[in-house]
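Accompanying notes for the structure given below.
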């Protein structure tokens with residue numbers, strides 16, 4: 015059964031206190047006022063546009079058609095960007111066949127165990143065996159609805175890397191945490207716990223997605239300036255964990271009701287390297303426009 019959302023809400027205050035304590039002083043997470051990044055950093059951080067289908071669509075035929083239509087929107091005139099779709103397990107191979115070499119197809123999650131008595135689980139080796147090289151970890155719906163902890167998410171990240179695969183580590187604060195100015199503190203905790211035990215030389219297999227929970231599926235979008243500020247903070251946290259070189263090379267995506275109307279201004283921000291798109295990735299016309307962003 016699904017974990018109770020009411021239970022999650024009942025421990026919100028405790029989470030906030032722990033986040034604040036672990037993240038250190040508030041001053042360490044003040045919004046960055048640095049200017050744009052250098053040409054070298056721009057070259058190093060190739061844009062990454064990704065779609066997360068979640069519990070959609072409902073049939074294999076729909077998945078094949080959607081993947082094919084999205085792939086067709088990538089042309090020689092499209093931006094030089096990586097594109098990936100994260101789809102339900104049962105549609106992985108079908109979507110890969112429909113998309114061809116136009117884009118990557120990844121899994122929406124993975125079990126941090128390789129084998130054993132874990133009914134309903136899918137392992138990294140299973141995914142790897144069918145050609146999947148990417149998976150999501152830490153999406154807020156997995157954290158809140160399914161009760162996946164930072165430790166579990168860290169296990170997913172490490173297992174994917176051990177398998178030679180890559181991961182998008184999702185982080186982000188709730189609306190209550192945002193209103194209490196704890197976005198930086200929450201992201202710091204989730205990043206430090208999610209990246210624990212991952213060596214700097216393996217960071218080329220890691221992408222971060224900042225998704226303010228209050229913006230997911232609500233139609234609300236953080237302003238480009240707000241998103242940029244939190245992305246810059248996340249980059250500074252990566253520098254604290256590793257070093258500035260690691261931070262400069264880390265791709266950080268924005269997720270949270272990204273639309274064709276909002277993508278251009280978001281992608282123009284210095285520290286936003288791509289998008290993790292939910293609802294709009296189920297519409298090939300809308301997602302095609304997002305893939306063909308103008309920044």
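Numbering (my numbering), first residue to last: 15 to 309. All C-beta atoms, glycine included, are put in the ideal place defined by N, C-alpha and C.
- For residue 173, the CB contacts under 6 Å within the same chain, skipping 5 residues up- and downstream, are 126, 138 in chain order.
- Counting only runs that start and end inside the segment 110-185, the beta strand (DSSP E) elements of at least 3 residues fall at 118-121, 148-151, 180-185.
- Under the 10 Å beta carbon count, residue 217 is surrounded by 16 or more other beta carbons and is classified as buried.
- Between the alpha carbons of residue 87 and residue 102 lies a gap of roughly 21 Å.
- Taking a contact to require three or more Cβ pairs closer than 8 Å, the segment 133-148 and the segment 188-201 do not qualify as touching.
- Pairing residue 215 with residue 160, the inter-Cα distance amounts to about 31 Å.
- Separation of residue 81 and residue 117 (C-alpha to C-alpha, rounded to the nearest whole angstrom) is 9 Å.
- Minimum Cα-Cα distance from residue 231 among the listed residues 178, 260, 295, 169 corresponds to 295.
- Bounds of the alpha helix (DSSP H) holding residue 192 are 189-193.
- Buried is the label assigned to residue 287, since at least 16 other Cβ atoms lie within 10 Å of its Cβ.
- Residues 112 of the same chain have their beta carbon placed closer than 8 Å to that of residue 79, with the five preceding and five following residues left out of the count.
- Remark: C-beta atoms of residue 96 and residue 128 do not approach each other more closely than 9 Å.
- Burial is judged here by how many other beta carbons sit within 10 angstroms of a residue's own beta carbon; residue 154 has at least 16 and is buried.
- Secondary structure of residue 96 (DSSP, three-state): strand.
- DSSP places residue 105 in no beta strand (DSSP E); its state is neither H nor E.
- About 12 Å separates the beta carbon of residue 255 from that of residue 201, a gap too long to meet the 8 Å contact definition.
- Around the beta-carbon of residue 94, fewer than 16 other beta-carbon atoms lie within 10 Å, marking it exposed.
- Take residue 205, set aside five residues on each side of it, and the residues of its chain with a beta-carbon closer than 8 Å to its own are 183, 185, 222, 248, 251, 252, 255, in chain order.
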